[in-house]
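Taking it in order: structure first as structure tokens, then the write-up.
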Amino acid sequence: MSDIASQDDGSGVVSQNAQEAREPAPITEQEVGEYREQDRFLPIANVSRIMKQSVPPTAKIAKDAKECVQECVSEFISFITSEAAEKCQMEKRKTIGGEDILYAMVTLGFENYAETLKIHLAKLRQHQASSSSNSRGDPRDDEK
Numbered sequence: 002m003s004d005i006a007s008q009d010d011g012s013g014v015v016s017q018n019a020q021e022a023r024e025p026a027p028i029t030e031q032e033v034g035e036y037r038e039q040d041r042f043l044p045i046a047n048v049s050r051i052m053k054q055s056v057p058p059t060a061k062i063a064k065d066a067k068e069c070v071q072e073c074v075s076e077f078i079s080f081i082t083s084e085a086a087e088k089c090q091m092e093k094r095k096t097i098g099g100e101d102i103l104y105a106m107v108t109l110g111f112e113n114y115a116e117t118l119k120i121h122l123a124k125l126r127q128h129q130a131s132s133s134s135n136s137r138g139d140p141r142d143d144e145k
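This is the structure we're talking about:
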């Protein structure tokens, strides 16, 4: 009702053109599907780049293979993350950490991958610690 009042010229009548200008075009089912896919999946360019690093430079990867891997890795990430989020929720925490992801992977039967990722997580934290200690000084320097 407030939209109509803002378009009212005092006579209480809103012109047909004013009503049409306010109403956006309806969204098609195809647009809804594309939007959801875009939100759910990792960018295809990133997936493609990772796939290309795993094959010889002369190898070609079909579009449908890239799309299949894109959907699979996106689903895998959602699967692991939802398990980690459930753990955090039970522990009344809002932030999912690296250990939560590792826990989820072990819980869901991906122990072999979890061991490798545990090493990577430790290296990442070690690198972050050394980077932050090298850049320490006056913290206000970062704000200037």
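2 is the number of the first residue of the sequence shown in this note's numbering; add one for each residue after it. Note that the Cβ used here is the ideal one computed from N, Cα and C, for glycine as well.
**Item:** N- and C-terminal bounds of the alpha helix (DSSP H) containing A46
**Value:** I45 to Q54
**Nearest neighbour of E68, chosen from T29, Q54 and I45 [CA to CA]** = I45
**Request:** Using three-state DSSP, classify G148 as helix, strand or coil.
**Result:** There is no way to answer for residue 148, as the model of the chain reaches only from 2 to 145.
**Counted within 10 angstroms of its Cβ, other Cβ atoms place I120 as buried (16 or more) or exposed** = exposed
**Prompt:** What number of angstroms, rounded off, separates the C-alpha of I81 from the C-alpha of L109?
**Reply:** 8 Å
**Prompt:** Since A115 and L103 are thought to touch, with beta carbons under 8 Å apart, how far apart are those beta carbons, to the nearest angstrom?
**Reply:** 5 Å
**Request:** Give the C-beta separation of E75 and L43 to the nearest angstrom, bearing in mind that I take them to be a contact with Cβ-Cβ under 8 Å.
**Result:** It is Ser, not Glu, that sits at residue 75 in the sequence shown. Yes, S75 and L43 are in contact; Cβ-Cβ is about 5 Å, under 8 Å.
**Prompt:** If you draw a straight line from the alpha carbon of E65 to that of S133, how long is it in whole angstroms?
**Reply:** Sequence check: residue 65 is Asp here, not Glu. Each residue's Cα considered, the two are about 43 Å apart.
**Prompt:** Does DSSP classify K61 as helix, strand or coil?
**Reply:** coil
**Buried versus exposed, by CB contacts within 10 Å (16 or more), D101** = buried
**Message:** Let me check understanding here. Comparing Cα to Cα, which of R41, D40 and K61 lies closest to R50?
**Reply:** K61
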